[in-house]
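So the sequence shown is numbered by the working numbering: it starts at 2 and just counts up by one.
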Amino acid sequence: MARTGEPVRRLLAIYTGGTIGMRSQKGVLVPGSNLLTALRKLPMFNDEEYSREHQLPEDTLALPLTNENQRILYTVLEYDPLFDSSDMTINEWIKIAKDIERNYEQYFGFVIIHGTDTMAFASSMLSFVLGNLQKTVILTGAQVPIHTLWNDGRENLLGGLLMAGQYVIPEVCLFFQNQLYRGNRVTKVDSQRFAAFCSPNLPPLAIVGADITINLELMLKASVNKQLEVHSNMERNVGVLRLYPGITAVMVRAFLQPPMKGVVMETFGTGNGPTNPELLWELKKATERGMVIINCTHCLQGSVTSDYAAGMALSGIGIISGSDMTSEAALAKLSYVLGRDDLSLEDKKKLLTKNLRGEMTPLPKDVQVSLRDSKFVQLIASLLYLNCSQDLDAVRDSLTPTLACAAARMGDLETLEAIVELGGDLSESDFDGRTPLHMAARGGHVGAVQCLLKNGVKVNSWDGDRSSPLLMAVKGRHRDVIQILKDAGAQLSPQELQGTGTELCRLAASGDRDGLIAWQQAGVDLFQKGYDGQTPLQVVFARQMGLSGLPEATQLGNY
Ligand code: ASN
Numbered sequence: 002m003a004r005t006g007e008p009v010r011r012l013l014a015i016y017t018g019g020t021i022g023m024r025s026q027k028g029v030l031v032p033g034s035n036l037l038t039a040l041r042k043l044p045m046f047n048d049e050e051y052s053r054e055h056q057l058p059e060d061t062l063a064l065p066l067t068n069e070n071q072r073i074l075y076t077v078l079e080y081d082p083l084f085d086s087s088d089m090t091i092n093e094w095i096k097i098a099k100d101i102e103r104n105y106e107q108y109f110g111f112v113i114i115h116g117t118d119t120m121a122f123a124s125s126m127l128s129f130v131l132g133n134l135q136k137t138v139i140l141t142g143a144q145v146p147i148h149t150l151w152n153d154g155r156e157n158l159l160g161g162l163l164m165a166g167q168y169v170i171p172e173v174c175l176f177f178q179n180q181l182y183r184g185n186r187v188t189k190v191d192s193q194r195f196a197a198f199c200s201p202n203l204p205p206l207a208i209v210g211a212d213i214t215i216n217l218e219l220m221l222k223a224s225v226n227k228q229l230e231v232h233s234n235m236e237r238n239v240g241v242l243r244l245y246p247g248i249t250a251v252m253v254r255a256f257l258q259p260p261m262k263g264v265v266m267e268t269f270g271t272g273n274g275p276t277n278p279e280l281l282w283e284l285k286k287a288t289e290r291g292m293v294i295i296n297c298t299h300c301l302q303g304s305v306t307s308d309y310a311a312g313m314a315l316s317g318i319g320i321i322s323g324s325d326m327t328s329e330a331a332l333a334k335l336s337y338v339l340g341r342d343d344l345s346l347e348d349k350k351k352l353l354t355k356n357l358r359g360e361m362t363p364l365p366k367d368v369q370v371s372l373r374d375s376k377f378v379q380l381i382a383s384l385l386y387l388n389c390s391q392d393l394d395a396v397r398d399s400l401t402p403t404l405a406c407a408a409a410r411m412g413d414l415e416t417l418e419a420i421v422e423l424g425g426d427l428s429e430s431d432f433d434g435r436t437p438l439h440m441a442a443r444g445g446h447v448g449a450v451q452c453l454l455k456n457g458v459k460v461n462s463w464d465g466d467r468s469s470p471l472l473m474a475v476k477g478r479h480r481d482v483i484q485i486l487k488d489a490g491a492q493l494s495p496q497e498l499q500g501t502g503t504e505l506c507r508l509a510a511s512g513d514r515d516g517l518i519a520w521q522q523a524g525v526d527l528f529q530k531g532y533d534g535q536t537p538l539q540v541v542f543a544r545q546m547g548l549s550g551l552p553e554a555t556q557l558g559n560y
């Protein structure tokens, strides 16, 4: 996962405020400017000799060499004004995302220095604002200012810089107290202790001790070949409603009034709420008029299920299960999805049930068998595609056709798209000479066939048995696939057409109307003769005269 061969790594550290740089003023802490000046004085953050020798710019410092002899340089971009994070809003988080976008090519990774109070909201929000991320983005901060003798700021910031400078973890993360978390899985759980955050439903992505332990199988895959996207059209009219025993229908109604468009509703236990009919009526009315409501549990750990009638009542009125998302992640996801003007309300609701940025664990019944979801393939893919070495290139090239054929055979669009995203070629054939298009055509998977054609796979190719994808679709009687292949220029070869007269007569004799239509759709003449000189139509008539039933086969002329 670490990129090799680059001795100097450049990071951008965006300082937005927070306790880490705060100073005491009239007895209270206020955001403090010139963090760079403070860092310059600390040898762990500033290799003075290197900076002098290399004449680093004023806003850039060098960390001392890492254990692996790597040099990490970081440029500090200090915001003005600086914020106590209680004042941060979607606007500031979008500004951070745009600063990352503007500097994306110049830096290896990004560290965002942020106040802890709303850091879980910030990391959740940024995980949705930043699309197709291929570089590491880490938020960090402190419970105690970095200038004080005993503080957590130094360790957190140094840890964040080291992680971002040494690893490519293509997602928005949060580093605190030696743990690297997925940003949209965290919540702040302590207002004073250094262990301020926890990730209740996902283990840390990495743990730093004497060694660094990376949980490779948990990491999201980089969207290779896709450009970074900043989704700045986030819906602001979203909110969190925490249910409590005795909450009244009137209060709920007041909360659900315009301009509110989406609500994260925090419910009891596994997603239960009062079954009070007036309250359910208010919620039902709101969802009917287009309000989107996600059900998340109050509990720190666990997931929303439909085990109780009290929970079922909520799902029965159009409320979407938030699975094991934190409220912070659900709010950010709601803001992102409702901001997608290209989607209908129905599609937005569907998207909300999906795992988009690793923010939730899909319910077992919703898990489709997908190579992309399997930890095994994730591990293989990350090993094959995120590392660069010639040996791995060779292994990747030989494994990709097999993976792609297996995915195409199952119609696993997600894996096919993932292979493309990761830079794989879908037109390669496996050891039997079969391409993924053969397999998708054989299985009748329209989406997979379209995806393969869209990605430039040749429509006419013949496997070891000299069969084309079109022949496979014909044999499977997949009429919509036959049509798509024909439209893309598919043709049966002279070899494939050999003996079709006999095959057609056989189908006619057994009354296989679908089989005959499939051949006709592939461009085969149904009036050709079989081995005994009879046409399929003659066979049908002979059967109709002699045997009962099969009038449908005579309707072939309609096609
Ligand atoms: N109030 C501070 C902030 O969130 C708390 C902190 O950073 N520890 O900006």
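Where is the CB? At the ideal position from N, CA and C, for every residue including glycine.
Small disclaimer: the values here were computed from a predicted structure and weren't measured.
Count the other CB atoms, across all protein chains shown, that sit within 10 Å of the CB of residue i; report buried if there are 16 or more and exposed otherwise.
i: Gln-379; result: At Gln-379, the pLDDT of 48 sits below 50, so the modelled position is not reliable; the number obtained from the coordinates is stated separately. Per the 10 Å Cβ criterion, buried.
i: Lys-351; result: exposed
i: Thr-249; result: exposed
i: Ser-1; result: With the chain covering 2 to 560 only, the question about residue 1 has no answer from this structure.
i: Gly-303; result: exposed
i: Gly-424; result: exposed
i: Met-200; result: Correcting the residue identity first, residue 200 is Ser in this sequence and not Met. So Ser-200 ends up on the buried side.
i: Val-540; result: buried
i: Gly-550; result: Low per-residue confidence applies at Gly-550: pLDDT is 40, beneath 50, and the placement is therefore not dependable, though the value from the model is reported in the following sentence. By the 10 Å Cβ count, Gly-550 comes out exposed.
i: Ile-21; result: buried
i: Leu-548; result: Only weak support exists for where Leu-548 lies, its pLDDT of 47 falling under 50; the coordinates are left without a value.
i: Val-251; result: exposed
i: Asp-433; result: exposed
i: Asn-68; result: exposed
i: Leu-353; result: buried
i: Lys-27; result: exposed
i: Pro-58; result: exposed
i: Gln-566; result: The chain is shown from 2 up to 560; residue 566 falls before or after that span and cannot be answered.
i: Ala-333; result: buried
i: Lys-355; result: exposed
i: Asn-157; result: buried
i: Ser-345; result: exposed
i: Ala-211; result: exposed
i: Pro-259; result: exposed
Measuring CA to CA, which of the options is closest to residue i?
i: Ile-15; options: Leu-400, Thr-61, Pro-44 and Asp-88; result: Thr-61
i: Leu-508; options: Gln-492, Gly-531, Leu-493 and Glu-50; result: Gly-531
i: Gly-154; options: Thr-141, Ala-165, Met-266 and Gln-107; result: Thr-141
i: Asn-234; options: Ser-336, Cys-199 and Lys-227; result: Ser-336
i: Met-411; options: Val-396, Leu-438 and Gly-444; result: Gly-444
i: Phe-198; options: Cys-174, Lys-262, Glu-422 and Ala-409; result: Cys-174
i: Glu-283; options: Ser-307, Thr-298, Leu-315 and Thr-306; result: Leu-315
i: Glu-267; options: Lys-285, Thr-214 and Gly-312; result: Gly-312
i: Asn-179; options: Leu-206, Asn-461 and Val-421; result: Leu-206
i: Asn-1; options: Gln-529, Val-241 and His-299; result: Nothing can be reported for residue 1: it is not among the residues displayed for the chain, which extend from 2 to 560.
i: Leu-242; options: Ser-430, Ala-143, Asn-152 and Ala-331; result: Ala-331
i: His-439; options: Met-473, Leu-486, Cys-452 and Asp-426; result: Met-473
i: Glu-230; options: Glu-415, Thr-149, Asp-342 and Val-130; result: Val-130
i: Lys-476; options: Asn-456, Ser-462 and Glu-497; result: Glu-497
i: Ile-147; options: Ile-170, Phe-195 and Leu-417; result: Phe-195
i: Asp-348; options: Leu-454, Val-293 and Thr-306; result: Val-293
i: Gly-263; options: Ala-287, Cys-406 and Leu-357; result: Ala-287
With DSSP as the reference, please indicate the residues paired to residue i in a beta bridge.
i: Leu-78; result: Ile-15
i: Thr-38; result: Looking at the DSSP assignment, Thr-38 forms no beta bridge with any residue, so it has no partner.
i: Tyr-228; result: Per the sequence shown, residue 228 should be read as Gln rather than Tyr. According to DSSP, Gln-228 bridges with nothing at all.
i: Ala-207; result: Leu-181 and Ile-215
i: Phe-198; result: Lys-189
i: Gln-26; result: Val-29
i: Arg-10; result: Ile-73
Please tell me whether residue i has its Cβ less than 8 Å away from any Cβ of chain C.
i: Asp-212; result: No chain C appears in this structure, which consists of one protein chain only.
Is the region 75 to 92 close to the region 29 to 44, with three or more CB pairs under 8 Å? yes
Is it a yes or a no for the region 8 to 27 touching the region 68 to 77, going by three-plus beta-carbon pairs under 8 Å? yes
Do the region 108 to 120 and the region 187 to 197 touch if we need at least three Cβ pairs shorter than 8 Å? yes
Inter-stretch contact (C-beta, 8 Å, three-pair minimum) for the region 102 to 109 and the region 147 to 163: no
Count the C-beta pairs between the region 245 to 260 and the region 222 to 229 that are closer than 8 Å, then say yes if the count reaches three, no if not. no
Would you call the region 489 to 497 and the region 527 to 543 touching, i.e. three or more CB-CB distances under 8 Å? no
Quick check on the DSSP output: what are the complete alpha helix (DSSP H) runs of length 4 or more inside the region 258 to 317, in order along the chain? 278 to 289 and 310 to 316
Does the structure place the region 461 to 472 close enough to the region 499 to 507 that three or more beta carbon pairs sit under 8 Å? no
I'd like the ranges of any beta strand (DSSP E) spanning at least 3 consecutive residues and lying wholly in the region 53 to 120. 61 to 63, 72 to 84 and 110 to 114
Every unbroken beta strand (DSSP E) within the region 144 to 184, with a cutoff of 3 residues, ordered by chain: 173 to 177 and 180 to 183
Contact the region 254 to 261 vs the region 315 to 330: 3+ CB pairs below 8 Å: no
Counting only runs that start and end within the region 388 to 460, where is the alpha helix (DSSP H) found for 4 or more residues in a row? 391 to 411, 414 to 422, 437 to 444 and 447 to 455
Every unbroken alpha helix (DSSP H) within the region 471 to 509, with a cutoff of 4 residues, ordered by chain: 480 to 488 and 495 to 498
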